[in-house]
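Here is the structure we will look at, set down as structure tokens.
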Amino acid sequence: MTLAIATAIVLATVAGSLVYGTRYRRGTVSDWAIGGRRFGSVIFWFMNAGEVYTTFAILGISGYAYAAGAPAYIAFTSVSLSYALGYWLMPRIWHAGRRAGLITQADYFERRFGSRALGVVAALVGIAALLVYVQIQLTGLSLMVSILFGTALPKEAAVIIAAVLMVAYVLATGLRSAAFAAAVKDVLMIVIVLVLAFAAAHAVGLGSISDVFATVQDKYPGIGSLPGYASDPADPAMGPLWFATSALSIALGNWVFPHLFQVSFAARDVNSIRRNAVWQPLYSLAYFFIVLLGFAALLAVPGLKDSNAALLTFVAHAFPAWLVGVVAGAGILLAIAPGSVLLLSIGTLVARNVYGAVRRDVPDRTGLRVSRAAMIVAAAVAVLMTLADTRALLTILLYAYSAIGQLAPAVILSFLWRRITAWGAFAGIVAGFAALLAPPLTDAWQAIAPGIDNGFVALLVNAAVTVLVSLVTRAPSAEAVSIADQSLAIDEQSD
Amino acid sequence: MRNAHRWLLVVPFVWQAGLAPVVNGVRWRLAEIPFPMLWQMAGVVVATICIGTVYRIDRARSRRGGA
Chain A
843 MTLAIATAIV LATVAGSLVY GTRYRRGTVS DWAIGGRRFG SVIFWFMNAG EVYTTFAILG
903 ISGYAYAAGA PAYIAFTSVS LSYALGYWLM PRIWHAGRRA GLITQADYFE RRFGSRALGV
963 VAALVGIAAL LVYVQIQLTG LSLMVSILFG TALPKEAAVI IAAVLMVAYV LATGLRSAAF
1023 AAAVKDVLMI VIVLVLAFAA AHAVGLGSIS DVFATVQDKY PGIGSLPGYA SDPADPAMGP
1083 LWFATSALSI ALGNWVFPHL FQVSFAARDV NSIRRNAVWQ PLYSLAYFFI VLLGFAALLA
1143 VPGLKDSNAA LLTFVAHAFP AWLVGVVAGA GILLAIAPGS VLLLSIGTLV ARNVYGAVRR
1203 DVPDRTGLRV SRAAMIVAAA VAVLMTLADT RALLTILLYA YSAIGQLAPA VILSFLWRRI
1263 TAWGAFAGIV AGFAALLAPP LTDAWQAIAP GIDNGFVALL VNAAVTVLVS LVTRAPSAEA
1323 VSIADQSLAI DEQSD
Chain B
15 MRNAHRWLLV VPFVWQAGLA PVVNGVRWRL AEIPFPMLWQ MAGVVVATIC IGTVYRIDRA
75 RSRRGGA
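Order-wise, the sequence lines are chains A and B. Sequential numbering of the first sequence, starting at 843, is according to the numbering used here. Sequential numbering of the second sequence, starting at 15, is according to the numbering used here.
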């Protein structure tokens, strides 16, 4: 029954997405990749929520609450900081996109810096990070399937089916279908999370939500504050400095994921973007229930080796089969809705910035065909990566965020400083990678400021190198710089 | 400064990242919820108010055509 309910939910959503997407279909790259720049406030909000609340977010944060405690609060922090920055940044990205007819993030790099090569570098870094991100979604999905369905559905089959679904419902109709699936997913998720949270206290034999908090803090002293119950309070690894710098890294890194450029381009007007930035953080209060469920799981099913499995193990252990089926259906959407947007972004990047760099002036129809083919190949690669890799979800994501985050100094400076150059941006990215990945350097940061997020240090190094190298290299043309110039923007539009 | 109100967008950074170390040691609880967790949740509300205020000011200006 569990499997049947989950299947029904997923198939109904995919069908609904296709119908919705087909209604708006025009058959151009812009239409497919960025919804023809016609998303209004509501659908734009769901599109953003779709990318924030993913399998990783839910399983990873409940897993953090389960394995450590307070470090899970970063879920509340990272969303608000992302959108406080996004309120300023997203309209700038959107204006540049509209003015220069941009579709991908690498388009922006190419045009703003007047360098096709930098566009290719940005595209390749972006594609790599997106592949890892798809892999994370598929790993979360396979975990979910193995816990909730047991042996009814083998893991390999589940991963392949999920990848096929991710491709299937956006291949023909594009971003608009993904937005529809995101909306279904978020409505369903909120209902489920509320039901589970209010049933959780009862499920662990306690009277109320307060009792869950009281009991878990009695049993696991230190769980409520950083670094959590599992570490020595003096251990900097998940201490306050880690917390603050990781939240900053996520807020900065978030905006330079290529798919979020495409999502920004999809907005109809500046007010849709700004309204979204106002209302998106409030949704993160729903993480209260995710943290609560992580704590309830710690009381009900302690001692699990894989903390990412905590929430699901608890659900399978404590709730009736039909409810487990609904959770599984929503959980699968939680992976395939964002996953499809990631794959779509990879497809567009390949077609416009890799294929397009080799063969100039690709006609729209060819571009669309290459995008779709690349999307299928990317899905296959992500499946192979998933079946070969079992690292903890959170480690992989923070790693990918930090790596892609190396594009952040170039993006932000490009809107603030006319003088930034392609060589500056490129040198900054290289220096940032080195600061992030070279063990002697990362050891040095930890010696100076124990617990600091290495990704954050890498951003500072990157920004410094970007500025220095920009000062000694030739500035981009005035025409290139003008696409990021806000004074030329039709800044405010009426509602 | 014309865009001085945009500095409100810095408040969430101070509240949620900057002050996280300061509130980490507070043991007081509300309905048994740990204070650092309450602080971050309050931070979400503060962020919404700040971003919302900036939006209202920006929108009022654009309606007056003063942008």
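Cβ coordinates follow ideal geometry from the N, Cα and C atoms, glycine included. Nothing here was measured: the structure is a model prediction, and the numbers come from that model.
Alpha helix (DSSP H) segment containing F918 (chain A), residue limits: Working through the first sequence from its first residue, we reach residue 918 (chain A) at position 76. Counting along the chain, the alpha helix (DSSP H) containing F918 (chain A) begins and ends at I916 to A942.
Per DSSP, the bridge partner or partners of A61 (chain B): For the purposes of this step, residue 61 (chain B) is identified with residue 47 of the second sequence, where counting begins at 1. The secondary-structure analysis by DSSP pairs A61 (chain B) with nothing; it has no beta-bridge partner.
A1025 (chain A) beta carbon near the ligand HEM (any heavy atom closer than 7 Å): The model on display carries no ligand, and the ligand HEM is accordingly not part of it.
Beta-carbon neighbours of F1085 (chain A), restricted to chain B and to distances below 7 Å: Counted from its first residue, the first sequence places residue 1085 (chain A) at position 243. Chain B residues near F1085 (chain A): A34.
Proximity test, Cβ basis, 8 Å: T919 (chain A) and chain B: Counting from one through the first sequence, the residue named residue 919 (chain A) turns up at place 77. So, interface residue.
Collapsed DSSP secondary structure at A1320 (chain A) in the structure displayed: Here the question's residue 1320 (chain A) lines up with position 478 in the first sequence. Helix.
T1208 (chain A), enclosing alpha helix (DSSP H) - first and last residue: Walking along the first sequence from the start, residue 1208 (chain A) turns up at place 366. First-last of the alpha helix (DSSP H) with T1208 (chain A): D1206 to A1230.
Contact with chain B by W930 (chain A), beta-carbon distance below 8 Å: Sequence index remark: in the first sequence, residue 930 (chain A) carries index 88 (1-based). For W930 (chain A), the answer is yes, since a Cβ of chain B falls inside 8 Å of its Cβ.
Local conformation of L89 (chain B) per DSSP, three classes: This structure gives no information on residue 89 (chain B), because the portion of chain B shown stretches from 15 to 81.
Backbone secondary structure at A1024 (chain A) - three-state DSSP: As a position in the first sequence, residue 1024 (chain A) is number 182, starting the count at 1. A1024 (chain A): helix per DSSP, three-state reduction.
Residue environment, V856 (chain A), which counts as buried when at least 16 other CB atoms sit within 10 Å: Taking the first sequence and counting its residues from 1, one reaches residue 856 (chain A) at position 14. Buried, since its Cβ has 16 or more Cβ neighbours within 10 Å.
Partners in chain A for A45 (chain B), counting only beta-carbon separations shorter than 7 Å: What you label residue 45 (chain B) is simply residue 31 of the second sequence in a count that begins at 1. Those are S1052, listed as they occur along chain A.
Chain B contacts from the region 1066-1081 of chain A (Cβ-Cβ distance under 7 Å): Correct list: G1066, S1067 and L1068.
Residue-chain proximity (V68 (chain B), chain A), Cβ-Cβ < 8 Å: Position 54 of the second sequence, counted from the first residue, corresponds to residue 68 (chain B). Taking Cβ atoms only, chain A reaches closer than 8 Å to V68 (chain B), which makes this a yes.
DSSP state of G66 (chain B) mapped onto helix, strand, coil: By 1-based counting over the second sequence, the position of residue 66 (chain B) is 52. In this structure, G66 (chain B) counts as helix in the three-state DSSP scheme.
8 Å Cβ cutoff met for G1274 (chain A) and A1300 (chain A): What you label residue 1274 (chain A) is simply residue 432 of the first sequence in a count that begins at 1. What you label residue 1300 (chain A) is simply residue 458 of the first sequence in a count that begins at 1. For G1274 (chain A) and A1300 (chain A), yes; Cβs fall inside 8 Å.
Within 8 Å of chain B by C-beta, residues of the region 879-903 of chain A in sequence order: none
Residues near V1009 (chain A) in its chain [Cβ-Cβ closer than 8 Å; skip 5 each side]: Looking up residue 1009 (chain A) in the first sequence gives position 167. For V1009 (chain A), where only same-chain residues beyond five positions count, the Cβ hits under 8 Å are S1182, L1185, M1217, I1218 and A1221.
C-beta contact flag for F1130 (chain A) and I916 (chain A) at 8 Å: Within the first sequence, residue 1130 (chain A) is the residue found at index 288, counting from 1. Within the first sequence, residue 916 (chain A) is the residue found at index 74, counting from 1. It is not a contact, given that the beta carbons lie outside the stated cut-off.
Residues that A1257 (chain A) contacts on chain B, provided the C-beta gap is smaller than 7 Å: By one-based count along the first sequence, residue 1257 (chain A) stands at place 415. Checking the displayed sequence, the identity of residue 1257 (chain A) turns out to be Phe instead of Ala. Ordered by position in chain B, no residue passes the 7 Å Cβ test against F1257 (chain A), which lies about 13 Å from the chain.
Reduced DSSP category for F1131 (chain A) - H, G, I as helix; E, B as strand; rest coil: Locating residue 1131 (chain A) in the first sequence gives position 289, where the first residue counts as 1. Looking at F1131 (chain A) - three-state DSSP - the assignment turns out to be helix.
G994 (chain A) - DSSP class collapsed to helix/strand/coil: Indexing the first sequence from 1 puts residue 994 (chain A) at position 152. The identity of residue 994 (chain A) in the sequence shown is Ala, whereas the question assumes Gly. The answer is helix: DSSP assigns A994 (chain A) an H, G or I state.
Boundaries (first-last residue) of the alpha helix (DSSP H) holding P35 (chain B): Position 21 of the second sequence holds residue 35 (chain B). From DSSP, the alpha helix (DSSP H) with P35 (chain B) extends over A34 to V37.
Identified DSSP bridge partners for F881 (chain A): On the first sequence, residue 881 (chain A) is found 39 positions in, with the first residue counted as 1. Answer is A:A1109.
Cα-Cα separation between M55 (chain B) and T1155 (chain A), rounded to whole angstroms: Start at 1 with the first residue of the second sequence, and residue 55 (chain B) comes out as number 41. Start at 1 with the first residue of the first sequence, and residue 1155 (chain A) comes out as number 313. Roughly 27 Å between the two C-alpha positions.
Nearest to W1265 (chain A) (by Cα), restricted to the options A:W1259, A:V1054, A:G943 and A:L1310: Position 423 of the first sequence, counted from the start, is the residue given in the question as residue 1265 (chain A). Checking every option, the nearest Cα to that of W1265 (chain A) belongs to A:L1310.
Listed by chain order, chain A residues near V58 (chain B) by CB distance under 7 Å: Reading the second sequence from its first residue, position 44 is the one you call residue 58 (chain B). In chain order: F918, S922, P1123, L1124, S1126 and L1127.
Contacts that R1116 (chain A) makes with chain B (C-beta to C-beta distance below 9 Å): Sequence index remark: in the first sequence, residue 1116 (chain A) carries index 274 (1-based). I65, V68, Y69, D72 and R73, listed in chain order.
Residue interval of the alpha helix (DSSP H) (run including P1082 (chain A)): Position 240 of the first sequence, counted from the first residue, corresponds to residue 1082 (chain A). That run of the alpha helix (DSSP H) goes P1082 to N1096.
Under the three-state DSSP convention, the category W29 (chain B) falls into: Locating residue 29 (chain B) in the second sequence gives position 15, counting from the first residue. Note: W29 (chain B) maps to helix in three-state DSSP.
Three-state secondary structure (DSSP) of D1295 (chain A): What you label residue 1295 (chain A) is simply residue 453 of the first sequence in a count that begins at 1. Judged by DSSP in its simplified three-state form, D1295 (chain A) adopts coil rather than helix or strand.
Neighbourhood of G1223 (chain A) by C-beta, 7 Å cutoff - its chain only, sequence neighbours within 5 removed: Reading the first sequence from its first residue, position 381 is the one you call residue 1223 (chain A). It is Val, not Gly, that sits at residue 1223 (chain A) in the sequence shown. Taken in chain order, the residues that qualify are L973.
Q1335 (chain A) in three-state terms, based on DSSP: Walking along the first sequence from the start, residue 1335 (chain A) turns up at place 493. With a pLDDT of 44 at Q1335 (chain A), under the threshold of 50, the modelled position of that residue is not reliable, and the figure given next carries that caveat. Coil at Q1335 (chain A), not helix or strand.
Nearest-angstrom Cα separation, counted from P1251 (chain A) out to I1262 (chain A): Sequence index remark: in the first sequence, residue 1262 (chain A) carries index 420 (1-based). Sequence index remark: in the first sequence, residue 1251 (chain A) carries index 409 (1-based). For I1262 (chain A) and P1251 (chain A), the distance between alpha carbons rounds to 10 Å.
Proximity test, Cβ basis, 8 Å: A912 (chain A) and chain B: What you label residue 912 (chain A) is simply residue 70 of the first sequence in a count that begins at 1. Closer than 8 Å to some Cβ of chain B, the Cβ of A912 (chain A) qualifies, so yes.
S76 (chain B), DSSP secondary structure in three states: Working through the second sequence from its first residue, we reach residue 76 (chain B) at position 62. DSSP, reduced to helix, strand and coil, places S76 (chain B) within a helical segment of the structure shown.
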